[in-house]
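Visitor: Here the sequence shown stands for residues 35 to 233, where the numbers follow the numbering used here.
Structure incoming, see below.
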Amino acid sequence: MRYDAVVVGAGPAGLTFARFLAAKGYRVAVLEKNEQLAVKPCGEGISARVLETADIRQGDASRFISRKIRGALVVAPNGKGVEISQALGMGYIIDKKNFLKVLGEYAADAGAEIYMKEQVRDAKVTEGVVKVHARTLEAEARLLVGADGYMSFISKRFGLENPGERRIIPTVQYVMTHVAMPDPDLAYFYLGNEVAPKG
Numbered sequence: 035m036r037y038d039a040v041v042v043g044a045g046p047a048g049l050t051f052a053r054f055l056a057a058k059g060y061r062v063a064v065l066e067k068n069e070q071l072a073v074k075p076c077g078e079g080i081s082a083r084v085l086e087t088a089d090i091r092q093g094d095a096s097r098f099i100s101r102k103i104r105g106a107l108v109v110a111p112n113g114k115g116v117e118i119s120q121a122l123g124m125g126y127i128i129d130k131k132n133f134l135k136v137l138g139e140y141a142a143d144a145g146a147e148i149y150m151k152e153q154v155r156d157a158k159v160t161e162g163v164v165k166v167h168a169r170t171l172e173a174e175a176r177l178l179v180g181a182d183g184y185m186s187f188i189s190k191r192f193g194l195e196n197p198g199e200r201r202i203i204p205t206v207q208y209v210m211t212h213v214a215m216p217d218p219d220l221a222y223f224y225l226g227n228e229v230a231p232k233g
């Protein structure tokens, strides 16, 4: 299939780019390797500016905002904390799955075609056209966007990856309820090997 652009990765960047490009009349395909959105662990915090940048429509933010926060508290290994609310400004704790669902709806409504379970296996440029081979889909486009995250296949394929050491950092994510927070209007970041070995 022929497109003006193929976007690899259906995260916030990929879906937002696809939406704005499709809204200008370009034919856009989004290829996501996972079966569903929001598979990767995430801190699920965004700044208020994200809502403006992503042009979230009135009323849609309530579909994914869990809590409004005024800033963050960074806690040192000795237990002392520093509030950095003014530097960060207001933000939100979100439900990432619903956030991406909203962004996906916006992209699809603008005309982008979103394909799930389409891991890109190869991509190459031939005579000014990018040819992308995914699990079941083959596409050609004038533009390829690698929005496939930290371990980007697209960056690696085209030699754009950071030459520094790549590390896989195991992550565990929990959804917790009924937790007493000293100040629930702050996001808390704890530093030190006692609470986050090598993190």
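All residues carry an ideal CB built from backbone N, CA and C; glycine is no exception.
Can you list, in chain order, the residues of its chain whose CB lies under 8 Å from that of T205, leaving out five sequence neighbours each side?
Guide: Around T205: P75.
Visitor: Quick check on D143: does DSSP put it in helix, strand or coil?
Guide: DSSP, read as helix, strand or coil, puts D143 in helix.
Visitor: Cutting at 7 Å between CB atoms, please list the residues of its own chain near G115, excluding the five before and the five after it.
Guide: The residues are L107, V108 and V109.
Visitor: Kindly indicate the opening and closing residues of the alpha helix (DSSP H) around V84.
Guide: A82 to T87
Visitor: What three-state label does DSSP hand V116 in the structure shown?
Guide: strand
Visitor: Put V154 into one of helix, strand or coil per three-state DSSP.
Guide: strand
Visitor: If we ignore side chains and look at the alpha-carbon of each, how far apart do G43 and I80 end up?
Guide: Their backbone Cα atoms lie some 19 Å apart in a straight line.
Visitor: Does the structure place the region 127 to 140 close enough to the region 46 to 55 that three or more beta carbon pairs sit under 8 Å?
Guide: yes
Visitor: Hey, A175 and E152 are a contact pair by Cβ (cut 8 Å); roughly how many whole angstroms apart?
Guide: About 14 Å; that fails the 8 Å criterion.
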